[in-house]
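A.B. asks: Mind having a look at this structure? Questions to follow.
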Amino acid sequence: MSLSKQLLILISGLFLIVFSVNFVLSVNNIRSYLEGESQIHAQDTATSLGLSLSPYMENDKDPVLETMMKAIFDRGYYKEIKLADVDGITLVTLTNEQIFEDVPEWFISAVPMQTASADSEISSGWNISGVISVAINPGYAYLKLYEQVKTSFYYSLIALVASIIVLLMVIRITLSSLKRIGEMAETISNGRFDIIEHLPWTLEVRNVAISMNSMSSKIEKVIQNLNRKLEKIGKKLHQDELTGLGKKSGFEADMKDVLSSHTEAYIFMIKIDVLSDLVKELSSEAIDLFIKEFSGILKRASENIQIGDVSAYRFFGSEFVLLTKDMPLEKVNSLANALSMSFAELGEKYQKKDIAHIGVAPFDPFSTAGSILLAANEAYEKAQLVGANGYYVRQSEDRAKDMAEWKALVFDIVDKEDYKISYISQVENFETDEVMMEEAFSKVLDKNGAALSIGTFVSIAEKFVKIVDLDKSVISRVMHHVKAEKIPYVVAINLSSRTIKNSNFREWLAPLLSSNEEVARHIAFSLPAYAVAKEMDVYQEFIDFAQHLNAKVIIKRFDTQSLSPEAITELKPDFIRLARDIGHGIEKDQAKQELTRTIVEICDLLDVVVLAENVKSELDFKCLKEIGVEGASR
Numbered sequence: 001m002s003l004s005k006q007l008l009i010l011i012s013g014l015f016l017i018v019f020s021v022n023f024v025l026s027v028n029n030i031r032s033y034l035e036g037e038s039q040i041h042a043q044d045t046a047t048s049l050g051l052s053l054s055p056y057m058e059n060d061k062d063p064v065l066e067t068m069m070k071a072i073f074d075r076g077y078y079k080e081i082k083l084a085d086v087d088g089i090t091l092v093t094l095t096n097e098q099i100f101e102d103v104p105e106w107f108i109s110a111v112p113m114q115t116a117s118a119d120s121e122i123s124s125g126w127n128i129s130g131v132i133s134v135a136i137n138p139g140y141a142y143l144k145l146y147e148q149v150k151t152s153f154y155y156s157l158i159a160l161v162a163s164i165i166v167l168l169m170v171i172r173i174t175l176s177s178l179k180r181i182g183e184m185a186e187t188i189s190n191g192r193f194d195i196i197e198h199l200p201w202t203l204e205v206r207n208v209a210i211s212m213n214s215m216s217s218k219i220e221k222v223i224q225n226l227n228r229k230l231e232k233i234g235k236k237l238h239q240d241e242l243t244g245l246g247k248k249s250g251f252e253a254d255m256k257d258v259l260s261s262h263t264e265a266y267i268f269m270i271k272i273d274v275l276s277d278l279v280k281e282l283s284s285e286a287i288d289l290f291i292k293e294f295s296g297i298l299k300r301a302s303e304n305i306q307i308g309d310v311s312a313y314r315f316f317g318s319e320f321v322l323l324t325k326d327m328p329l330e331k332v333n334s335l336a337n338a339l340s341m342s343f344a345e346l347g348e349k350y351q352k353k354d355i356a357h358i359g360v361a362p363f364d365p366f367s368t369a370g371s372i373l374l375a376a377n378e379a380y381e382k383a384q385l386v387g388a389n390g391y392y393v394r395q396s397e398d399r400a401k402d403m404a405e406w407k408a409l410v411f412d413i414v415d416k417e418d419y420k421i422s423y424i425s426q427v428e429n430f431e432t433d434e435v436m437m438e439e440a441f442s443k444v445l446d447k448n449g450a451a452l453s454i455g456t457f458v459s460i461a462e463k464f465v466k467i468v469d470l471d472k473s474v475i476s477r478v479m480h481h482v483k484a485e486k487i488p489y490v491v492a493i494n495l496s497s498r499t500i501k502n503s504n505f506r507e508w509l510a511p512l513l514s515s516n517e518e519v520a521r522h523i524a525f526s527l528p529a530y531a532v533a534k535e536m537d538v539y540q541e542f543i544d545f546a547q548h549l550n551a552k553v554i555i556k557r558f559d560t561q562s563l564s565p566e567a568i569t570e571l572k573p574d575f576i577r578l579a580r581d582i583g584h585g586i587e588k589d590q591a592k593q594e595l596t597r598t599i600v601e602i603c604d605l606l607d608v609v610v611l612a613e614n615v616k617s618e619l620d621f622k623c624l625k626e627i628g629v630e631g632a633s634r
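Everything in the sequence shown is counted per this note's numbering, starting at 1 for the first residue and increasing by one.
Structure follows, in structure tokens:
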């Protein structure tokens, strides 16, 4: 029950108690007053009538006696007037049994009144000649009492209604501030830090509002500081310290993005061939300067490009990579040629004619990260045969026939649901050592029974808009598995970007989850961080949609390069799973420990569970537990 209802009932109850007591006392006082007045009136009437009849009592047959008595009796206030002689013999009796219909019987029964009566002796000279008796009709008293009670009741009722209306207004004004404070607390828990600008006038509530404003501001500052710290650590973790270029982990994340989005892209594999010779000739400071100048050429190439997008990375030592997106082949050739000329100019500065070679390989729908890197390395080896600072661009193969075969295979498998689901990557809860999550993984076989690359299969399914049907089928199977096996933990299901954005998918999913609320609580939709970062609004809407239907959401492969820390505050997923590279070797890497610790601190404030992935080392496993990560898969 709300506080406003409690206050309303309490105050109304107190009012009714006070009113009831006051009403009963008032009725009793009025009744006592009317009874007293009736008694006085009866006595006065008997006395005055006795005096009036005294001269005529010598002849008890005198008609004047009855005439005078009737003159008094006809006023209607009397129930009975009786005249008796000195021996008690009744001479005249006048009776009125009038009933007042305006007064209900229940009222007469509830408020009994005594009939007022009085006697007066009549003297004739020095002798008593008779007695006059007067009894007042109580109906008149009842009528006055009833009318008074009605008037008091209606006025009290009006006062009660008016008081309740005023009370409601006061309570609404007072509690609106408390409601705003409650909403503010809810927004704080959701990662939004508002303040109450118009403070309430009630002193106690005003003090609470001021305290909430202060708390909101302080928590916001804490999270902002943690976010800045996280960005700084993440930048340090994902950037090469010497050159400022991205590390291999960043390249791998970007490659996954390219493969899932079907973007036209090329990899430039660049290796400094003379680095080993320069190490023998120059000091370490000079070598660092050379590498910085070399990486500067790659930076300028990525910054000055007009068509497409270019990102530069340093893998290790002398090995560098450029990743181009949305760049046509002729521009790729122009870029490779420009880099070759820049390398030649740098070589002249260090008296080296040939310092590096460039191998370029394209992406295609059938590629995996490993196969593309292998193709780029093969192109690099061919570039070495071209000449000094040479480059070789591997041409895209005509895969039209392969694409047609893949399309037919994908459609056939999805339509027939001819695939298997296995449950892998069980996440162990550090506190209980029990399984808290596992991932549903689809396994696809070709006509010969050989396993197909699931990445390629999904990529082709997305290209031909078949991925939505595949995701629907997987969800149905997983939910049936959870229900049939009574799975007590969460099962993660991967969803593609195309499925997330499909309105028909949501129309299909909503009734399915609504009709299986208990099963929905054990389902988590897994979303890659790099995909979420590209379309925040779309994913925010889907996360709200899924959580409203009791399902959970996990953002996987999270690192500060893929998704900003502020995004977690806005999105409020149920889980985030750290990128695999963060958990690997964390026991010996202070930067990774600090990064993970900061992520955990932010997520604790937002009530988001942090998980790690594919942790092999027992030392890493123990380190993650000490930092505060809630669970990890092996």
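We put the beta carbon where it would ideally sit given N, CA and C, even for glycine.
(1) Between the segment 350–363 and the segment 378–395, do three or more beta carbon pairs fall short of 8 angstroms?
(2) Please report the straight-line C-alpha distance between A450 and W406, rounded to a whole angstrom.
(3) Using a Cβ-Cβ cut-off of 7 angstroms (strictly less than) and excluding sequence neighbours within five positions of F545, which residues of its own chain qualify?
(4) Mapping DSSP to helix, strand and coil, what is D415?
(5) Could you have a look at L491 and say whether DSSP puts it in helix, strand or coil?
(6) Taking the alpha-carbon of S636 as reference, which of D277, M341, G13 and M327 has the nearest alpha-carbon?
(7) When the distance is taken between beta carbons, is K247 closer than 8 angstroms to H238?
(8) Alpha carbon to alpha carbon, how far is K401 from A408?
(9) To which residues does DSSP link L83 through a beta bridge?
(10) For the alpha helix (DSSP H) containing P565, list its first residue and its last residue.
(11) Determine the DSSP secondary structure at A450, reduced to helix, strand or coil.
(12) Give the DSSP-derived three-state secondary structure of S442 in the structure shown.
(13) Note down, in chain order, each residue of its chain lying with its Cβ closer than 8 angstroms to the Cβ of K292, except the 5 sequence neighbours on either side.
(14) Are three or more beta carbon pairs between the segment 421–435 and the segment 297–308 nearer than 8 angstroms?
(15) Considering only residues of the same chain and omitting the five flanking positions on each side of L298, which have a CB-CB separation below 8 angstroms?
(16) So, under 8 angstroms CB-CB, S117 and S133 are touching, yes? Tell me the CB distance rounded to an integer number of Å.
(17) Have a look at I11, E535, E58 and K229 and flag the residue whose alpha-carbon is nearest the alpha-carbon of S125.
(18) Who pairs with E319 in a beta bridge, going by DSSP?
(19) Assign T67 to buried or exposed, taking buried as 16 or more other Cβ atoms, counted over all protein chains shown, within 10 Å of its Cβ.
(20) Please confirm whether A591 and K280 have their CB atoms less than 8 angstroms apart.
(21) What residue does the alpha helix (DSSP H) around R31 start on, and which one ends it?
(22) Strictly by DSSP, which residues pair up with N227?
(23) Put Q351 into one of helix, strand or coil per three-state DSSP.
(24) Taking one C-beta from the segment 576–585 and one from the segment 543–557 each time, how about it: are there three or more such pairs within less than 8 angstroms?
(25) Identify whether K401 lies in helix, strand or coil by the three-state DSSP scheme.
(26) Quick one: what does DSSP say E618 is sitting in, helix, strand or coil?
(27) Among all the DSSP beta bridges, which residues are the ones paired with T324?
(28) Do the segment 523–532 and the segment 222–232 touch if we need at least three Cβ pairs shorter than 8 angstroms?
(29) Do L145 and L34 come within 8 angstroms of each other at the CB atom, strictly closer than that value?
(30) For the 8 angstroms Cβ check, are there 3 or more pairs between the segment 84–91 and the segment 99–113?
(31) Which full runs of the beta strand (DSSP E) of 3+ residues lie inside the segment 520–581, going along the chain?
(32) Provide the residue span of the alpha helix (DSSP H) that contains G250, from first to last.
(33) Taking only beta-carbon positions, decide if Y380 is within less than 8 angstroms of chain C.
(34) Within its chain, find whatever has a CB closer than 6 angstroms to the CB of S259; leave out the 5 residues flanking it on each side and keep chain order.
(35) Do S453 and H262 have their C-beta atoms within less than 8 angstroms of each other?
(36) Expressed to the nearest angstrom, what Euclidean distance is found between the alpha-carbon atoms of V435 and L373?
C.D. replies: Answer, in terms of the structure:
(1) yes
(2) 14 angstroms
(3) R506
(4) helix
(5) Rather than Leu, the amino acid found at residue 491 in this sequence is Val. V491 falls in the strand class under three-state DSSP.
(6) Examination of residue 636 is not possible in this model, given that the chain is present from 1 through 634 alone.
(7) yes
(8) Annotation note: pLDDT 49 at K401 (below 50); position unreliable, coordinate value reported separately. One C-alpha to the other measures close to 11 angstroms.
(9) DSSP lists V92 and I132 as the bridge partner or partners of L83.
(10) Here the alpha helix (DSSP H) through P565 covers P565 to L571.
(11) coil
(12) strand
(13) L242 and T243
(14) no
(15) Residues of the same chain with a CB within less than 8 angstroms of the CB of L298, apart from the 5 flanking positions on each side, are L245, I270, A312, F320, L322 and L339 in chain order.
(16) 7 angstroms
(17) The question names Ser, yet the displayed sequence has Gly at residue 125. Among I11, E535, E58 and K229, the Cα nearest to that of G125 belongs to E58.
(18) K271 and F316
(19) Label assigned to T67: exposed.
(20) No, they are not a contact pair.
(21) L3 to L53
(22) DSSP output for N227 lists no bridge partner at all.
(23) It is coil, neither helix nor strand.
(24) yes
(25) With a pLDDT of only 49 at K401, under 50, the local geometry of the prediction cannot be trusted, and no value is derived from it.
(26) helix
(27) Y266 and V310
(28) no
(29) Yes, the pair counts as a contact, with Cβ atoms nearer than the cut-off.
(30) no
(31) 523–528, 552–558 and 575–578
(32) Run containing G250: K248 to S261, per the alpha helix (DSSP H) assignment.
(33) Absence of chain C from the displayed structure is noted, only one protein chain being present.
(34) One point to set straight first is that residue 259 is Leu, not Ser, in the sequence displayed. Residues of the same chain with a CB within less than 6 angstroms of the CB of L259, apart from the 5 flanking positions on each side, do not exist.
(35) no
(36) In this structure, the alpha-carbon of V435 lies about 36 angstroms from that of L373.
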